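Heads up, the thing below is written out as structure tokens.
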Amino acid sequence: MIEITPIKTLNGKIRAPPSKSYTHRALFLGLLSEGKTKIENPLICTDTLATLNAVRAFGARADWNFVESSGEVEPAKINAFESGTTARLAIGIGALADGESVIDGKESLRKRPMKPLLRALNDLGVKTKSNGFLPVRVFGGEIREDYVRVDGSISSQFITALLILGAKVGLSIEVLNPVSKPYLEITLRTLKWANVKVERDDGIFHVHQGVKADHFSIPGDYSSASFFLVAGAIFGKVRVGGLDKEDVQADKAILDLLREFGAEIRTGKDYVEVERDELVGQEVDCRDFPDLFPILAVLGAYSEGKTVLRAKHLRYKESDRIRVMALNLAKMGAKVKELDDGLIISKSELRGTVLNPQNDHRIAMALTIAALGARGKSAILNERCVEKSYPDFFEDLRRLINQ
Numbered sequence: 519m520i521e522i523t524p525i526k527t528l529n530g531k532i533r534a535p536p537s538k539s540y541t542h543r544a545l546f547l548g549l550l551s552e553g554k555t556k557i558e559n560p561l562i563c564t565d566t567l568a569t570l571n572a573v574r575a576f577g578a579r580a581d582w583n584f585v586e587s588s589g590e591v592e593p594a595k596i597n598a599f600e601s602g603t604t605a606r607l608a609i610g611i612g613a614l615a616d617g618e619s620v621i622d623g624k625e626s627l628r629k630r631p632m633k634p635l636l637r638a639l640n641d642l643g644v645k646t647k648s649n650g651f652l653p654v655r656v657f658g659g660e661i662r663e664d665y666v667r668v669d670g671s672i673s674s675q676f677i678t679a680l681l682i683l684g685a686k687v688g689l690s691i692e693v694l695n696p697v698s699k700p701y702l703e704i705t706l707r708t709l710k711w712a713n714v715k716v717e718r719d720d721g722i723f724h725v726h727q728g729v730k731a732d733h734f735s736i737p738g739d740y741s742s743a744s745f746f747l748v749a750g751a752i753f754g755k756v757r758v759g760g761l762d763k764e765d766v767q768a769d770k771a772i773l774d775l776l777r778e779f780g781a782e783i784r785t786g787k788d789y790v791e792v793e794r795d796e797l798v799g800q801e802v803d804c805r806d807f808p809d810l811f812p813i814l815a816v817l818g819a820y821s822e823g824k825t826v827l828r829a830k831h832l833r834y835k836e837s838d839r840i841r842v843m844a845l846n847l848a849k850m851g852a853k854v855k856e857l858d859d860g861l862i863i864s865k866s867e868l869r870g871t872v873l874n875p876q877n878d879h880r881i882a883m884a885l886t887i888a889a890l891g892a893r894g895k896s897a898i899l900n901e902r903c904v905e906k907s908y909p910d911f912f913e914d915l916r917r918l919i920n921q
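All letters in the sequence shown, in the order written, are residues 519 to 921 by our numbering.
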């Protein structure tokens with residue numbers, strides 16, 4: 519448990535941690551590329567550690583800054599811990615191994631659906647054994663088809679898994695009902711860095727066979743930066759460095775969203791600065807940037823009028839993020855209504871209390887920002903869950919407050 523003391527104002531600079539999404543993809547593409555791949559500025563956290571361990575288990579020699587591989591994949595037993603990205607990408611890569619691979623994880627990850635990816639692999643001729651959730655057994659080594667359809671309505675990670683698989687075998691992927699589409703742009707950008715040719719044709723991705731990943735430079739993470747950018751919009755002024763304004767990350771949408779809410783935004787070559795102004799509630803569809811949902815809910819509680827957030831598939835994340843955010847904000851005294859597919863939040867005077875993020879890293883960080891403006895101290899239970907994506911979050915927050 520960590521205690522959060524309210525602040526009156528905030529004015530400082532911080533540097534964004536590296537991107538988790540890019541780090542996952544770089545490690546797995548290094549596994550599929552023959553030779554040595556250098557990785558500059560990786561994010562070191564429990565989720566990416568799960569991927570690093572998976573890459574080693576699949577047969578590569580790897581550390582945070584490099585992957586050295588024959589380009590072939592060995593059958594492996596993978597523990598994805600709580601990382602959905604690790605699990606889903608490893609399931610796809612397991613199809614390349616000549617033999618049986620087992621992908622499993624912690625209890626929370628066992629609740630997250632895998633069926634659309636398994637169905638797609640089955641259609642390619644790959645045998646799997648599962649109840650639609652982890653653990654999954656993949657009997658790889660024999661991909662008989664080069665065209666597949668996948669339902670992307672639950673997660674874009676299913677599509678990413680097939681795109682990365684396609685880089686090794688050549689594959690045409692028809693995507694039905696995609697969500698979180700900008701996350702696919704991250705995958706496509708990383709594939710381009712690995713010299714993989716991908717063509718798009720009216721909802722179909724044609725991935726050409728061939729991977730040669732020499733070097734990845736991991737950019738700053740807009741998702742992690744969003745907590746401090748919103749803090750700047752609510753409490754004063756914050757500059758976050760290490761952010762590429764040309765990046766395709768889904769959560770770069772936080773810049774346009776903050777403008778819509780009324781905050782002042784300034785961007786430079788490698789930084790974003792947000793300054794407080796009169797904030798007004800908005801209606802936001804979070805389908806393409808679900809990881810912003812928790813911090814946008816907090817922003818709504820500090821914005822005039824009403825904020826409506828919609829993102830039905832958030833009920834399948836690390837926690838039921840809609841329910842958990844509603845419960846905690848209500849406990850703080852927020853005027854919040856839970857919908858089937860989101861939340862309605864009105865401007866509220868928050869009070870300090872004990873908050874339970876239910877082991878969800880993004881909710882823990884969002885509630886911490888909410889608590890900075892509450893009346894009285896708050897406590898965040900199991901604050902170490904932030905190690906899943908941003909181990910230095912609380913240290914960076916202390917440094918920012920003390921500037």
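A virtual CB, placed ideally from N, CA and C, is assigned to each residue, including glycine.
If you're wondering where the values come from, they're calculated on a predicted model, not measured in any experiment.
For residue i, collect the residues of the same chain with a Cβ closer than 6 Å to its Cβ; drop the 5 residues on either side in sequence, then sort them by chain order.
i       : result
Ala-544 : Ile-557, Phe-734
Asn-846 : Leu-873, Leu-885
Asp-803 : Arg-828
Ala-568 : Ala-598, Phe-599, Ser-601, Thr-604
Ser-741 : Asp-769, Asp-809
Pro-909 : Cys-563
Phe-911 : Met-883, Val-904
Ala-897 : Met-519, Glu-521, Val-872
His-724 : Ser-690, Glu-717
Thr-785 : Lys-763
Ser-537 : Ile-736, Pro-737, Asp-739
Return the first residue and the last residue of the alpha helix (DSSP H) that residue i is part of.
i       : result
Gly-602 : 602–612
Ser-864 : Premise fails: Ser-864 lies in the beta strand (DSSP E), 860–864, not in any alpha helix (DSSP H).
Glu-703 : 699–711
Thr-678 : 675–687
Asp-914 : 911–919
Ser-539 : 538–550
Arg-637 : 633–641
Val-591 : Taken as a continuous stretch (DSSP letters only), Val-591 belongs to no alpha helix (DSSP H), as it is neither H nor E.
Asn-942 : The question about residue 942 has no answer, for the chain in this structure spans 519 to 921.
Glu-778 : 771–779
From which residue to which residue does the beta strand (DSSP E) around residue i run?
i       : result
Ala-892 : Per DSSP, Ala-892 belongs to no beta strand (DSSP E) and is neither H nor E.
Ala-749 : From DSSP, Ala-749 is part of no beta strand (DSSP E) but of the alpha helix (DSSP H) over 740–753.
Asn-597 : 595–597
Gly-553 : 553–558
Glu-856 : 853–857
Val-654 : 654–657
Glu-663 : Where Glu-663 is concerned, there is no enclosing beta strand (DSSP E), given that its DSSP letter is neither H nor E.
Glu-618 : 618–622
Would you tell me roughly how many angstroms separate the C-alpha atoms of residue i and residue j, rounded to the nearest one?
i       : j       : result
Pro-593 : Val-644 : 14 Å
Leu-761 : Ile-783 : 14 Å
Asp-622 : Arg-902 : 22 Å
Asn-571 : Arg-841 : 32 Å
Glu-618 : Gly-658 : 6 Å
Leu-918 : Tyr-701 : 29 Å
Lys-531 : Gly-750 : 10 Å
Ala-781 : Gln-675 : 32 Å
Glu-586 : Gln-767 : 27 Å
Ile-752 : Ser-744 : 12 Å
Ala-848 : Ala-888 : 12 Å
Kindly list the residues whose CB is nearer than 7 Å to the CB of residue i, restricted to its own chain and excluding five residues on each side of it in sequence; keep chain order.
i       : result
Ile-661 : Ala-613, Leu-642, Gly-643, Val-644, Val-687
Gly-589 : Leu-550, Ser-551, Glu-552
Lys-633 : Gly-650
Ala-575 : Ala-594, Lys-595, Ile-596
Leu-747 : Val-756, Val-758, Ile-772, Leu-776, Val-790, Val-792
Sort the options by Cα distance to residue i and report the nearest one.
i       : options                            : result
Glu-856 : Asp-838, Leu-681, Ile-672, Arg-574 : Asp-838
Val-826 : Asp-806, Gln-921, Asp-859          : Asp-859
Ala-615 : Lys-633, Val-573, Pro-653, Ser-626 : Val-573
Arg-805 : Gly-799, Leu-797, Val-798, Leu-814 : Leu-814
Gly-759 : Arg-533, Leu-776, Thr-523, Thr-527 : Arg-533
Ser-821 : Ile-611, Phe-753, Gly-721, Ser-864 : Ser-864
Asn-529 : Arg-757, Leu-694, Leu-797          : Arg-757
Lys-853 : Pro-875, Leu-817, Lys-830, Ile-887 : Leu-817
Thr-678 : Val-591, Val-697, Gly-870          : Val-697
Thr-708 : Gly-894, Gly-851, Thr-541, Thr-527 : Thr-541
Asp-774 : Asp-720, Asp-788, Gly-754, Phe-807 : Phe-807
Glu-703 : Asp-765, Thr-566, Ala-685, Ser-648 : Asp-765
Suppose only complete runs of 4+ residues qualify. What are the alpha helix (DSSP H) ranges in the stretch 786–826, listed by chain order?
Entirely contained in the stretch 786–826, the alpha helix (DSSP H) runs reaching 4 residues are, in chain order, 811–819.
In chain order, which alpha helix (DSSP H) runs of at least 4 residues are fully inside the stretch 558–586?
564–575
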